[in-house]
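Student:
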Amino acid sequence: MAVRIRLTRMGRKKKPFYRIVVADSEAKRDGRFLEVVGTYDPMQNPAAVNIKQDRVADWLAKGAKPTDTVRSLLKGAQAQPAAAAE
Numbered sequence: 006m007a008v009r010i011r012l013t014r015m016g017r018k019k020k021p022f023y024r025i026v027v028a029d030s031e032a033k034r035d036g037r038f039l040e041v042v043g044t045y046d047p048m049q050n051p052a053a054v055n056i057k058q059d060r061v062a063d064w065l066a067k068g069a070k071p072t073d074t075v076r077s078l079l080k081g082a083q084a085q086p087a088a089a090a091e
């Protein structure tokens, strides 16, 4: 079973909200998933990203592959705490 870290769409029409989930790569976009590891709200200014870093690191160590969009969200989330510390 190939595992991906990807987005599932929530919210309503024209008001998207996404969960960052770990799911089988063959499952439907909004179908069955293994674990919710974060959220992404693009409607806020700036976009709100909440990620459980420890759980994502655990899944990456197990071989899960993030999608391109999730990869960019993870990079942005790692940069935020460093910028806040300065």
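91 is the number that the numbering used here gives the last residue of the sequence shown; the numbers go up by one with no jumps.
In this text, a Cβ means the ideal position worked out from N, Cα and C, and glycines have one as well.
Treat the numbers as computed from the prediction; the structure is a model and nothing was measured.
Hey, how far is the Cα of A53 from the Cα of V41?
Tutor: If I take the Cα positions, the gap works out to 16 angstroms.
Student: Thinking V26 and R11 are a contact (beta carbons under 8 angstroms), I'd like their distance in whole angstroms, please.
Tutor: That belief holds up - the Cβ atoms of V26 and R11 are roughly 7 angstroms apart, short of 8 angstroms.
Student: Taking all protein chains shown into account, decide if P51 is buried (16 or more other Cβ within 10 angstroms of its Cβ) or exposed.
Tutor: Burial call: exposed.
Student: By a C-beta neighbour count over all protein chains shown, 10 Å radius and 16 as the cutoff for buried, is A28 buried or exposed?
Tutor: Classification for A28: buried.
Student: Could you give the uninterrupted runs of the alpha helix (DSSP H) lying entirely in the region 36-84, keeping only those of 4 residues or more?
Tutor: Entirely contained in the region 36-84, the alpha helix (DSSP H) runs reaching 4 residues are, in chain order, 58-66.
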